[in-house]
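Novice:
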Amino acid sequence: MKLVVENLGVERGERRIIEGLAFEVSSGEALVITGPNGSGKSTMLKALAGYLRPSAGTITLLGGNGEKSVPEQCHYLAHSNALKLQLSVRENLEFWQHYLGMGEPVEAALEAVGLPGIGDIPAGYLSAGQKRRVAIARLIAAFRPVWLVDEPTAALDASSECRFAAIVERHLSNGGIVLAATHQPLGLEAARVLEMRALTAGLIK
Amino acid sequence: MRALFLREIRLAGRIGGGALTGLLFFLAVITLVPFAVGPDLKLLARIGPAMLWTGALLSTLLGLDRLFQGEREDGSLDLLLLGEYPVALLVFVKALAHWVATGLPLVLATPVFGLMMNMEPAAIGAVMATLLVGTPAITFIGAMGAAVTVTLARGGLLIAILILPLVIPVLVFGVSAAYGAVEDPAPFWPPFMFLCAITLFFSVLGPLAAGFMLRHAAD
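Here the protein sequences come in this chain order: A and B.
When you line the first sequence up against the working numbering, it's residues 1 to 205, in that order.
When you line the second sequence up against the working numbering, it's residues 1 to 219, in that order.
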């Protein structure tokens, strides 16, 4: 499986955020996207997930499921955790399992993020870091081959960061693809780095 | 999609959900009417169907602004759009669940409120039937308004104003069918059939339009 991005251009409003971006990520590879604020890291992930329509270029997933579009094979984890605070942690995760695709059992996923046995607690009772870890648990509880993660380790302590690195490594060794936009080192060995720079002359004439 | 439906019903029933809010608002409106118009039982029976319909319409509008806004605020909307289903189907299921949780209780509570309005059994039955087929149309129309205002912080009132022109036909045909059942020269079936047609029409147009809006809300 190989994610190929060719000549990607994205505009928001009157502003050109990304221009002529091209890269390839194969199965088992992670791409860490760095760059200053406003350089288009999140915008690029949103374009890959299909939330923004690219103004130019193509995004293809070679060797993926041909019947599904690229966004249908992606996981997206951005700044918000997409948890319903009124529902229990298990209800939250089970819903996404049914909706996005079945992955590992809920208990195993919670174990992997270091929160075993909290399935029956309403998500609203959790701390910010714990909610983030449940959102990370969703990545493995609901299966999607391509992970698009935006600042995944915000609000996490050091040991949780290590756990996240281990989760990513395992996904990669199972043939997954991970694209992470981040300022912090994720502790990934052998991850390639894509450095984005801000388009200063980005205004469309 | 079954999982989504069940989740919506569950959320509506939990704290902060919309299931009880609409019903209580309906109760408040209908309780106030007899006090406002005075103890004229004939007059109450005469305006009963219209009042029940107005109350039901306003109660249905009440929870609609949260239909997509809550999903957007906590980031769920992004993930919902990643699903393998057409967005229109997503909207349809959400609207249907919303109606089951908030519209159906209104229909079931109508007999009680009808008694408060001194309505005869035939009129109550007619109002129940028209609400049953008419309120889904309000929810589907409201879904369009909710999708348009999803990015606005205080979209609730705007939704009501945006969709009011579209729900007026629902109200007109609903009330005239209800009157048609009890008053002799007025017919019941033609307005009732129109009401069914409106609901069917918006059950298609509403999800399609709202889905289109949601897809482009990020731009």
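We treat Cβ as the ideally placed atom computed from N, Cα and C, and that holds for glycine.
The model shown is predicted, which means the values in this text are computed figures rather than measured ones.
Let me see if you follow: with CB-CB separation under 9 Å, is H171/A close to chain B or not?
Specialist: Here residue 171/A refers to the residue found at position 171 of the first sequence. No, its Cβ sits nowhere closer than 9 Å to a Cβ of chain B.
Novice: Under 8 Å from any heavy atom of the ligand SAH, does the C-beta of F202/B make it?
Specialist: The ligand content of the structure shown is nil, which means the ligand SAH is not present either.
Novice: Considering only C-alpha positions, which residue in the set M1/B, P190/B, M193/B, M117/B is nearest to L32/B?
Specialist: Within the second sequence, residue 32/B is the residue found at index 32, counting from 1. Here the closest residue by C-alpha is M117/B.
Novice: Could you tell me the distance, in whole angstroms, from the CA atom of A95/B to the CA atom of S88/A?
Specialist: Here residue 95/B refers to the residue found at position 95 of the second sequence. Here residue 88/A refers to the residue found at position 88 of the first sequence. When rounded, the distance between both Cα atoms is 23 Å.
Novice: Can you list, in chain order, the residues of the segment 61-74 of chain A whose Cβ is nearer than 8 Å to any Cβ on chain B?
Specialist: K68, P71, E72, C74
Novice: Quick check: what's the CA-CA separation for A160/B versus M196/A?
Specialist: The count along the second sequence starts at 1 and reaches residue 160/B at position 160. The count along the first sequence starts at 1 and reaches residue 196/A at position 196. Going from the Cα of A160/B to the Cα of M196/A covers about 44 Å.
Novice: Assign L203/A to one of two classes, buried (16 or more other C-beta atoms within 10 Å of its C-beta) or exposed (fewer than that).
Specialist: Reading the first sequence from its first residue, position 203 is the one you call residue 203/A. Annotation note: pLDDT 46 at L203/A (below 50); position unreliable, no value reported.
Novice: With 9 Å as the threshold, decide whether the Cβ of G50/A is near any Cβ in chain B.
Specialist: Taking the first residue of the first sequence as position 1, residue 50/A is located at position 50. True, the Cβ-Cβ gap to chain B drops below 9 Å.
Novice: Measure the alpha-carbon distance for G9/A versus E29/A and round it to whole angstroms.
Specialist: Stepping through the first sequence from its first residue, residue 9/A is reached at position 9. Stepping through the first sequence from its first residue, residue 29/A is reached at position 29. The straight-line gap from Cα to Cα measures roughly 23 Å.
Novice: Ignoring anything shorter than 3 residues or poking outside the segment 60-137 of chain A, list the beta strand (DSSP E) runs there in chain order.
Specialist: 74-77
Novice: How would you write the range of the beta strand (DSSP E) that W99/B sits in, first residue to last?
Specialist: Along the second sequence, one-based indexing puts residue 99/B at 99. That residue, W99/B, is in no beta strand (DSSP E); it is neither H nor E in DSSP.
Novice: Would you kindly work out how many angstroms separate the C-alpha atoms of P49/B and S59/B, rounded to a whole number?
Specialist: Indexing the second sequence from 1 puts residue 49/B at position 49. Indexing the second sequence from 1 puts residue 59/B at position 59. Going by the C-alpha atoms only, they are around 15 Å apart.
Novice: Check the Cβ of G230/B against every Cβ in chain A and list those closer than 8 Å, keeping chain order.
Specialist: Outside the shown range of chain B (1 to 219) lies residue 230/B, about which nothing can therefore be said.
Novice: Does the segment 146-154 of chain A come into contact with the segment 101-121 of chain A, if we say contact requires no fewer than three beta-carbon pairs (one atom in each stretch) closer than 8 Å?
Specialist: no
Novice: For E104/A and N81/A, what's the separation of their Cα atoms in angstroms?
Specialist: Counting from 1 along the first sequence, the entry for residue 104/A is found at position 104. Counting from 1 along the first sequence, the entry for residue 81/A is found at position 81. Straight-line Cα distance between these residues: approximately 19 Å.
Novice: Does the Cβ-Cβ distance between L214/B and V87/B come in under 9 Å?
Specialist: Within the second sequence, numbered from 1, the residue matching residue 214/B stands at position 214. Within the second sequence, numbered from 1, the residue matching residue 87/B stands at position 87. For L214/B and V87/B, yes; Cβs fall inside 9 Å.
Novice: Determine, for Y125/A, whether the minimum Cβ-Cβ distance to residues of chain B falls below 9 Å.
Specialist: Indexing the first sequence from 1 puts residue 125/A at position 125. With 9 Å as the cut-off, Y125/A does not count as an interface residue toward chain B.
Novice: Listing by chain order, which chain A residues have their CB less than 8 Å from the CB of I15/B?
Specialist: Against the second sequence, residue 15/B aligns to sequence position 15. Residues of chain A passing the Cβ test: Q86.
Novice: If you drop the 5 nearest sequence neighbours on each side, which residues of the same chain put their C-beta closer than 8 Å to that of A201/A?
Specialist: Along the first sequence, one-based indexing puts residue 201/A at 201. Note that A201/A has pLDDT 45, beneath the 50 cutoff, so the model's placement of it is unreliable and no number is given.
Novice: Give me the Cα-Cα distance between G117/A and A158/A, rounded to the nearest whole angstrom.
Specialist: Here the question's residue 117/A lines up with position 117 in the first sequence. Here the question's residue 158/A lines up with position 158 in the first sequence. It is roughly 21 Å from the alpha-carbon of G117/A to the alpha-carbon of A158/A.
Novice: Does DSSP classify V150/B as helix, strand or coil?
Specialist: Taking the second sequence and counting its residues from 1, one reaches residue 150/B at position 150. Coil, per DSSP.
Novice: Which residues in the same chain as P54/A place their Cβ atom closer than 7 Å to its Cβ, once the five residues preceding and following it in sequence are excluded?
Specialist: Along the first sequence, one-based indexing puts residue 54/A at 54. L8, G9, V10, A47, listed in sequence order.
Novice: What is the rounded straight-line gap between the Cα of G75/B and the Cα of A78/A?
Specialist: Taking the first residue of the second sequence as position 1, residue 75/B is located at position 75. Taking the first residue of the first sequence as position 1, residue 78/A is located at position 78. Cα to Cα, the separation comes out at about 8 Å.
Novice: Flag L82/B as yes if its beta-carbon sits less than 9 Å from any beta-carbon of chain A, otherwise no.
Specialist: By one-based count along the second sequence, residue 82/B stands at place 82. For L82/B, the answer is yes, since a Cβ of chain A falls inside 9 Å of its Cβ.
Novice: Quick check: the segment 165-179 of chain B against the segment 190-205 of chain B, are there 3 or more CB pairs under 8 Å?
Specialist: Three or more Cβ pairs closer than 8 Å define a contact, and the segment 165-179 of chain B meets that threshold against the segment 190-205 of chain B.
Novice: Please report the straight-line C-alpha distance between G50/A and G114/A, rounded to a whole angstrom.
Specialist: In the first sequence, the residue the question calls residue 50/A occupies position 50. In the first sequence, the residue the question calls residue 114/A occupies position 114. Here the alpha carbon of G50/A sits roughly 31 Å from the alpha carbon of G114/A.
Novice: Can you tell me the Cα-Cα spacing of I140/A and L31/A, whole angstroms?
Specialist: Position 140 of the first sequence, counted from the first residue, corresponds to residue 140/A. Position 31 of the first sequence, counted from the first residue, corresponds to residue 31/A. Their backbone Cα atoms lie some 19 Å apart in a straight line.
Novice: I believe V167/B touches L57/B by the beta-carbon criterion, under 8 Å. Please report the beta-carbon distance rounded to the nearest angstrom.
Specialist: Locating residue 167/B in the second sequence gives position 167, where the first residue counts as 1. Locating residue 57/B in the second sequence gives position 57, where the first residue counts as 1. Correct: roughly 6 Å between the Cβ atoms.
Novice: Just list the alpha helix (DSSP H) runs in the segment 110-181 of chain B, keeping only unbroken ones of 4 residues or longer that don't cross its boundaries, in chain order.
Specialist: 121-148
Novice: So L195/B packs on T130/B, CB below 8 Å; how close in whole Å?
Specialist: Within the second sequence, numbered from 1, the residue matching residue 195/B stands at position 195. Within the second sequence, numbered from 1, the residue matching residue 130/B stands at position 130. L195/B to T130/B, Cβ: 6 Å. Contact.
Novice: Use the C-beta contact count for V204/B: other C-beta atoms within 10 angstroms, 16 or more gives buried, fewer gives exposed.
Specialist: Here residue 204/B is taken as the residue at index 204 of the second sequence, counted from 1. With fewer than 16 other Cβ atoms within 10 Å, it is exposed.
Novice: Taking only three categories from DSSP, how would you classify D78/B?
Specialist: Counting from 1 along the second sequence, the entry for residue 78/B is found at position 78. Looking at D78/B - three-state DSSP - the assignment turns out to be helix.
Novice: Report yes if the CB atom of A217/B is closer than 9 Å to the CB atom of L77/B, and no otherwise.
Specialist: Here the question's residue 217/B lines up with position 217 in the second sequence. Here the question's residue 77/B lines up with position 77 in the second sequence. Yes.
Novice: Cα-Cα, which of G206/B, V112/B, V133/B is closest to A197/B?
Specialist: Numbered from 1 along the second sequence, position 197 holds the residue referred to as residue 197/B. Here the closest residue by C-alpha is V133/B.
Novice: Between L83/A, L100/A, Q97/A, I177/A, which has its C-alpha nearest E132/A's C-alpha?
Specialist: Along the first sequence, read from residue 1 onward, the residue named residue 132/A stands at position 132. A small correction: the amino acid at residue 132/A is Arg; Glu does not occupy that position in the sequence shown. Of the candidates L83/A, L100/A, Q97/A, I177/A, the one whose C-alpha sits nearest the C-alpha of R132/A is L83/A.
Novice: Between the Cα of G22/B and the Cα atoms of T135/B, L41/B, P34/B, which residue gives the shortest distance?
Specialist: For the purposes of this step, residue 22/B is identified with residue 22 of the second sequence, where counting begins at 1. Of T135/B, L41/B, P34/B, the residue nearest in Cα terms is T135/B.
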